[in-house]
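>
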DNA sequence: GTCTATACGTCGATAGAC
DNA sequence: GTCTATCGACGTATAGAC
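Residue numbers (the numbering used here), protein chains in the order written: chain B, 39 to 248; chain P, 39 to 248.
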């Protein structure tokens, strides 16, 4: 149940080749990307760093694109397994929490940007499918939390929940690239502004501010 | 005064080589990118489309990266010259206006994403410098407009102007990638939400909604 | 199943002929 | 100013050793 990360990636069916070894390679690759992002990471460079031939990598991943997506997917899962236990249910808090973890591994944030950009090119089906699905799921989950908080009177009701969800995700993504280009950009602080902006107007303010 | 777009790009000084021809190539290249984004756009592909050898392109631009940045810069300038005359002074309105134009040329939006991602890789100095500067300038300008509207009582004063500026830019950028992946994402509508979120709480609402 | 060796076509970039 | 030729590196594919 823990090593089923190929659901989205491999649709060719034959994905039982060396699950264990594949995991090893993935773990090593994550270290490489966490350090340097997608900077000088050709297939051949990654292979050299891991200590195999570049053709060996293609034995476990159909393409470089698929390896990159798998690396990001795996890194994300590992992180959410480690921290996701104490389930945060505050929508803005979730993003802030994620951002807090991200600032610790700029390489993965950079990999994320690289992959999103790649997903926008029509030839890259793998990353395109991955991120289309990912955005849909995230929007839906976040919209649910927002709608619930609207019912509870914690979030103003004059804005559409799913619209706010898109906005929060967009702001989070956009701020991360601004932060990568200029570390002075206060990723967490700026995201927290949504706590203020989303507070119901008539509410005696201070009920949700931390 | 109109063809000085090399300020940011060429720091090598010798930028008087074939200004006219350079413009021609740039204009042709913009057409290519407006259609297809950065999709199959190698130097050689672009050159073929224009009708020269790829080496010829490198006579006018030091690298592919520089050509891409020049294309985006030039396309943006052309657009702002065409529409920027009726200067919009409403900060949110500015972003909505820009977004409106962008949805007409998805290729350029995709090029933007590609270039931003490239700028995050340390080796790409040209795009990194361009976007670092660009974000700084945009943040400063937007923050000025926001602060002014705060003084006028049009925008709530309990949030920092420059923080909001970063947030607006981030949301705009993030929404554009979501929209490229899923055209159902209502780029303009979602950005307009900020008109509501930024309205002063005590204000008799409706004074700024359109 | 795991991997090396090797080859193919394309890429960005450079050097030099015309 | 523009070309051809060439370079090293890249992603990908295949053949076959173990």
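Glycine included, C-beta positions come from ideal geometry on N, C-alpha and C.
1) Can you tell me whether residue 212 of chain P is helix, strand or coil according to DSSP?
2) For residue 84 of chain P, would you say it is in contact with chain B, using Cβ-to-Cβ distances shorter than 9 Å as the test?
3) Run the CB neighbour count on residue 179 of chain P, radius 10 Å, all protein chains shown included, and call it buried at 16 or more, exposed below.
4) Roughly how many angstroms lie between the CA atoms of residue 147 of chain B and residue 131 of chain B, to the nearest whole one?
5) With H, G and I counted as helix, E and B as strand and the rest as coil, what does DSSP make of residue 75 of chain P?
6) Buried or exposed: where does residue 175 of chain B fall if 16 or more other Cβ atoms within 10 Å of its Cβ makes it buried?
7) Rounded to whole angstroms, what is the Cα-Cα separation between residue 65 of chain B and residue 109 of chain B?
8) What is the DSSP secondary structure of residue 70 of chain P, reduced to helix, strand or coil?
9) Taking contact to mean at least 3 C-beta pairs separated by less than 8 Å, is the region 55-74 of chain B in contact with the region 121-128 of chain B?
10) Between residue 106 of chain B and residue 98 of chain B, is the Cβ-Cβ spacing less than 9 Å?
11) When DSSP labels each residue in this structure, what does residue 99 of chain P get in the three-state scheme?
12) For residue 230 of chain B, tell me which candidate among P/202, P/226, P/221, P/185 has the shortest Cα-Cα distance.
13) Can you tell me which of the three DSSP states residue 190 of chain B falls into?
14) Please report the residue range of the alpha helix (DSSP H) in which residue 151 of chain P lies.
15) Do three or more CB pairs link the region 159-178 of chain P to the region 158-168 of chain B at distances below 8 Å?
16) Which whole-angstrom value describes the C-beta separation of residue 193 of chain P and residue 238 of chain P, a residue pair presumed to lie in contact below a C-beta threshold of 8 Å?
17) Taking C-alpha atoms, which residue in B/190, B/211, B/95, B/85 lies nearest to residue 56 of chain B?
18) Where does residue 142 of chain B land, buried or exposed, given buried means 16+ other C-beta within 10 angstroms?
19) Closest to residue 100 of chain P by CA distance: which of P/74, P/224, P/60 is it?
20) In chain order, what residues of the same chain have a beta carbon less than 8 Å from the beta carbon of residue 173 of chain B, not counting five sequence neighbours either side?
21) Is the distance from the Cβ of residue 197 of chain P to the Cβ of residue 225 of chain P below 9 Å?
22) Counting pairs of Cβ atoms below 8 Å between the region 75-91 of chain B and the region 150-163 of chain P, do you hit three or more?
23) Roughly how many angstroms separate the alpha carbons of residue 155 of chain P and residue 187 of chain P, rounded to a whole number?
By the coordinates alone:
1) helix
2) no
3) Classification of residue 179 of chain P: exposed, given that the 10 Å Cβ count is below 16.
4) 19 Å
5) coil
6) exposed
7) So the alpha carbons of these two residues sit roughly 8 Å apart.
8) helix
9) Contact fails: fewer than three Cβ-Cβ distances are below 8 Å.
10) For residue 106 of chain B and residue 98 of chain B, no; Cβs fall outside 9 Å.
11) coil
12) P/202
13) coil
14) 144-157
15) no
16) 7 Å
17) B/95
18) exposed
19) P/60
20) 207
21) no
22) yes
23) 33 Å
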